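Numbering (UniProt numbering), first residue to last: 1 to 365. Think of the CB as a built atom: it goes at the ideal place given N, C-alpha and C, for glycine as much as any other residue. A quick note: this is a predicted structure, and the numbers were derived from the prediction, not measured. Following: one structure in structure tokens, then a few remarks.
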Amino acid sequence: MVQIHMMVLEECIKEEIIKQKELCIDNFIEDIHNNNNYDEKINIPLCDTDNSKDIRESDLPSKRYKDVWNEGICYDEVNGIINEEKEPSEADKWMKNYQTKFTITLDEHIDGFKKNNPKKRYRDLYYILNVIFYRIKLIDKYSSFHDFIEETIRGYTKNILRVYDKDNFHENPINVSNYNQVEIENSKKIDNLCEDIDYIDKNIEQINSSSQCQNIQSFIQQENQELKAIYEDSSDKYSYILQFYNYPSFNHFENIIQKIYCKSHVSDARSPEVHDSDVTYQNLRKHITALSILSPLGILLIGFFLIKTTPIGNWINTRIRKKIIFWNKLNDDENHKIVENNCEYSQINSNNDKYDMLYHSIDNY
Numbered sequence: 001m002v003q004i005h006m007m008v009l010e011e012c013i014k015e016e017i018i019k020q021k022e023l024c025i026d027n028f029i030e031d032i033h034n035n036n037n038y039d040e041k042i043n044i045p046l047c048d049t050d051n052s053k054d055i056r057e058s059d060l061p062s063k064r065y066k067d068v069w070n071e072g073i074c075y076d077e078v079n080g081i082i083n084e085e086k087e088p089s090e091a092d093k094w095m096k097n098y099q100t101k102f103t104i105t106l107d108e109h110i111d112g113f114k115k116n117n118p119k120k121r122y123r124d125l126y127y128i129l130n131v132i133f134y135r136i137k138l139i140d141k142y143s144s145f146h147d148f149i150e151e152t153i154r155g156y157t158k159n160i161l162r163v164y165d166k167d168n169f170h171e172n173p174i175n176v177s178n179y180n181q182v183e184i185e186n187s188k189k190i191d192n193l194c195e196d197i198d199y200i201d202k203n204i205e206q207i208n209s210s211s212q213c214q215n216i217q218s219f220i221q222q223e224n225q226e227l228k229a230i231y232e233d234s235s236d237k238y239s240y241i242l243q244f245y246n247y248p249s250f251n252h253f254e255n256i257i258q259k260i261y262c263k264s265h266v267s268d269a270r271s272p273e274v275h276d277s278d279v280t281y282q283n284l285r286k287h288i289t290a291l292s293i294l295s296p297l298g299i300l301l302i303g304f305f306l307i308k309t310t311p312i313g314n315w316i317n318t319r320i321r322k323k324i325i326f327w328n329k330l331n332d333d334e335n336h337k338i339v340e341n342n343c344e345y346s347q348i349n350s351n352n353d354k355y356d357m358l359y360h361s362i363d364n365y
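Given below as structure tokens:
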């Protein structure tokens, strides 16, 4: 009976272990989903006040604010008009949509802009607009419209920004010649590098303690190397950008980059989805620990605990009673066969005794 009890208990425990493993896996997957779920829209924080924050590569201004104006200026719409060279009537629709979406974007983000290098945010806007105007001028069918489009958008943008942030707004501070697209894009990249360098310098202790310190270091070193060559080749075109940050020269960047030494010396090279899930790692350890305690002794203890405290105990007792009834019936059948065999044997022996008795009786005669 004890053996039957243990066999049934073992089966129950195996089933429970499988359920627990499946539950752990489901919880782990859910944790990953919850901790990595994010809003793709750009949300500008008012300011970074948490000194314990683990700074990520995505926190660098060049990455955080990369697409901040796209929705407000209906970038996808105008980009499609230019790429497909649509009719000027489509550009007229874009200008109307621009005027609507631009104010909505400012309503949502103006406080964040004011507290996160607002002058650079407005320069970012003009970098994009200048490229758009340059590309429109290259379309033949817009030869008589592009000046009107540019004047309308520039005038509206200037008037709105003066209302929202007159202290930080400067009209088109980009110094470019003839709207050269390459020159505009290089100016934006150098401006981005300057802002990243400034951000690193102000947050150097947190960056050195960051789990992505080496990622940040590698990124900024590569950007500095590539843009330094462009800057030195045409410093007269781009030197004004450094003045926004009071940097004496491009070589000044090296002094700041050398401050990065990464205390952990460990680069977290996993995907951004896993980068943003430190809690997930802790949950993984928790689930692994839960599975690792299922040793033979642990299994036995868990089994008895389940029997005593959960409805599974009634189920086990029912199965055990069925097993006992089965074995009792089996034993009864075996006993019955043994009795029958004994009876037959006794009957045969009885006959032999009878004959033996008669035989001896004759001899005695």
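Query raised in the report: Considering only residues of the region 116–143, which uninterrupted alpha helix (DSSP H) runs meet the minimum length of 4 residues and lie entirely inside it, listed in chain order?
Result: Fully enclosed alpha helix (DSSP H) runs of 4 or longer: 118–137.
Query raised in the report: In this structure, does DSSP put Leu193 in helix, strand or coil?
Result: Along the sequence shown, one-based indexing puts residue 193 at 193. For Leu193, the three-state secondary structure derived from DSSP is helix.
Query raised in the report: Should Ile212 be labelled buried (16 or more other beta-carbon atoms within 10 Å of its own) or exposed?
Result: Your numbering for residue 212 matches position 212 in the sequence shown. Here the sequence assigns Gln to residue 212, which means Ile is not the residue at that position. Buried: at least 16 other Cβ atoms inside 10 Å.
**Report entry** Own chain residues within Cβ distance below 8 angstroms of Lys63, not counting five before or after
**Finding:** Here residue 63 is taken as the residue at index 63 of the sequence shown, counted from 1. In the same chain as Lys63, and ignoring 5 residues on each side of it, the C-beta atoms closer than 8 angstroms to its own belong to Glu57, in chain order.
Requested in this report: Identify which residue in Lys119, Cys262 and Glu84 has its Cα closest to the Cα of Ile204.
Outcome: Counting from one through the sequence shown, the residue named residue 204 turns up at place 204. Residue Cys262 is the option with its Cα nearest to Ile204.
Query raised in the report: In terms of alpha-carbon separation, which member of Phe113, Ile197 and Ile128 lies closest to Gln222?
Result: Counting from 1 along the sequence shown, the entry for residue 222 is found at position 222. In terms of CA proximity to Gln222, Ile197 leads the group Phe113, Ile197 and Ile128.
Report task. Leaving aside the five residues before and after Leu193 along the sequence, list all residues of the same chain whose C-beta is less than 6 angstroms from its C-beta, in chain order. Result -> One-based indexing of the sequence shown puts residue 193 at position 193. Glu223 and Leu227, listed in sequence order.
**Report entry** Close Cβ partners of Ile80 (< 8 angstroms) along its chain, the five nearest in sequence each way excluded
**Finding:** On the sequence shown, residue 80 is found 80 positions in, with the first residue counted as 1. Note on identity: in this sequence residue 80 is Gly, with Ile being the wrong assignment. Taken in chain order, the residues that qualify are Lys86.
Query raised in the report: The alpha helix (DSSP H) with Lys158 in it runs from where to where?
Result: If you number the sequence shown from 1, residue 158 lands on position 158. Looking at the DSSP string, the run of the alpha helix (DSSP H) that includes Lys158 is His146 to Asp165.
Query raised in the report: How would you label Gln229, buried or exposed, when you count the other beta carbons within 10 angstroms and need 16 or more for buried?
Result: Within the sequence shown, the letter at position 229 stands for residue 229. The residue asked about is misnamed: residue 229 is Ala in this sequence, not Gln. Label assigned to Ala229: exposed.
Report task. Identify which residue in Ile55, Lys259, Ile73 and Pro61 has its Cα closest to the Cα of Asp191. Result -> Counted from its first residue, the sequence shown places residue 191 at position 191. Nearest to Asp191 by alpha-carbon distance, out of Ile55, Lys259, Ile73 and Pro61, is Pro61.
Query - Glu183 versus Ile207: straight-line alpha-carbon distance, rounded - result: Taking the first residue of the sequence shown as position 1, residue 183 is located at position 183. Taking the first residue of the sequence shown as position 1, residue 207 is located at position 207. In this structure, the alpha-carbon of Glu183 lies about 31 angstroms from that of Ile207.
Query - Top-ranked residue by Cα proximity to Tyr240, from Ile149, Lys188 and Ile257 - result: Indexing the sequence shown from 1 puts residue 240 at position 240. Of the listed residues, the one whose Cα sits closest to Tyr240 is Lys188.
**Report entry** Nearest-angstrom Cα separation, counted from Lys101 out to Tyr126
**Finding:** If you number the sequence shown from 1, residue 126 lands on position 126. If you number the sequence shown from 1, residue 101 lands on position 101. Cα to Cα, the separation comes out at about 16 angstroms.
**Report entry** Buried versus exposed call for Glu195 [16 or more other C-beta atoms within 10 Å across all chains shown]
**Finding:** Position 195 of the sequence shown holds residue 195. So Glu195 ends up on the buried side.
Query raised in the report: Which of helix, strand or coil does DSSP assign to Pro248?
Result: Residue 248 sits at position 248 when you count from the first residue of the sequence shown. In the structure shown, Pro248 sits in coil (DSSP, three-state: anything other than H, G, I, E or B).
Report task. In the DSSP assignment, find the unbroken alpha helix (DSSP H) run with Gly80 in it and report its ends. Result -> Residue mapping note: residue 80 aligns to position 80 of the sequence shown, counting from 1. Unbroken alpha helix (DSSP H) run through Gly80: Tyr75 to Glu84.
Query raised in the report: Glu185: which of Glu254, Tyr238 and Leu242 sits nearest, CA to CA?
Result: If you number the sequence shown from 1, residue 185 lands on position 185. Ranked by Cα distance from Glu185, the first of Glu254, Tyr238 and Leu242 is Tyr238.
Requested in this report: Under 7 angstroms Cβ to Cβ from Tyr247, same chain only, skipping five residues before and after it: list those, please.
Outcome: Walking along the sequence shown from the start, residue 247 turns up at place 247. These residues qualify, in order along the chain: Cys194.
Query raised in the report: Of all the options Gln181, Leu242, Asp59 and Asp67, which has the alpha carbon lying nearest to the alpha carbon of Val131?
Result: Locating residue 131 in the sequence shown gives position 131, counting from the first residue. The residue with the shortest Cα to Cα distance from Val131 is Gln181.
Query raised in the report: What did DSSP end up calling Leu60 once you bin it into helix, strand or coil?
Result: Numbered from 1 along the sequence shown, position 60 holds the residue referred to as residue 60. Three-state result, Leu60: coil.
Report task. Mark Arg270 as exposed unless 16 or more other C-beta atoms lie within 10 angstroms of its C-beta, in which case mark it buried. Result -> Numbered from its first residue, the sequence shown carries residue 270 at position 270. Note that Arg270 has pLDDT 46, beneath the 50 cutoff, so the model's placement of it is unreliable and the number below is only indicative. If you draw a 10 Å sphere on the C-beta of Arg270, you find fewer than 16 other C-beta atoms in it, and that means exposed.
**Report entry** Residue environment, Ser249, which counts as buried when at least 16 other CB atoms sit within 10 Å
**Finding:** Here the question's residue 249 lines up with position 249 in the sequence shown. For Ser249, the number of other beta carbons within 10 angstroms of its own is below 16, and it is reported as exposed.
Query raised in the report: Expressed to the nearest angstrom, what Euclidean distance is found between the alpha-carbon atoms of Asp59 and Asn255?
Result: Your numbering for residue 59 matches position 59 in the sequence shown. Your numbering for residue 255 matches position 255 in the sequence shown. Straight-line Cα distance between these residues: approximately 21 angstroms.
**Report entry** Cβ neighbour criterion (16 or more within 10 Å) applied to Ile104
**Finding:** Stepping through the sequence shown from its first residue, residue 104 is reached at position 104. Ile104 counts as exposed, since fewer than 16 other C-beta atoms from the protein chains shown sit within 10 angstroms of its C-beta.
Report task. Can you grab the Cα-Cα spacing for the pair residue 392 / Lys202, in whole Å? Result -> No statement about residue 392 is possible, as the shown extent of the chain runs from 1 to 365 and does not include it.
Query - Proximity of Asn168 and Pro118 at Cβ, strictly below 7 angstroms - result: Counted from its first residue, the sequence shown places residue 168 at position 168. Counted from its first residue, the sequence shown places residue 118 at position 118. In contact: Asn168 and Pro118 (Cβ atoms closer than 7 angstroms).
Query raised in the report: Is the Cβ-Cβ distance between Tyr98 and Ile73 less than 7 angstroms?
Result: The residue given as residue 98 occupies position 98 in the sequence shown. The residue given as residue 73 occupies position 73 in the sequence shown. Between Tyr98 and Ile73, the gap from beta carbon to beta carbon is short of 7 angstroms.
Requested in this report: Classify Phe169 as helix, strand or coil using the three-state DSSP reduction.
Outcome: As a working mapping, residue 169 is identified with position 169 in the sequence shown. Correct three-state label for Phe169: coil.
Query raised in the report: If you drop the 5 nearest sequence neighbours on each side, which residues of the same chain put their C-beta closer than 6 angstroms to that of Ser209?
Result: Reading the sequence shown from its first residue, position 209 is the one you call residue 209. Lys263.
Query - Unbroken alpha helix (DSSP H) run spanning Lys228, endpoints - result: As a position in the sequence shown, residue 228 is number 228, starting the count at 1. Cys213 to Asp233 is the extent of the alpha helix (DSSP H) around Lys228.
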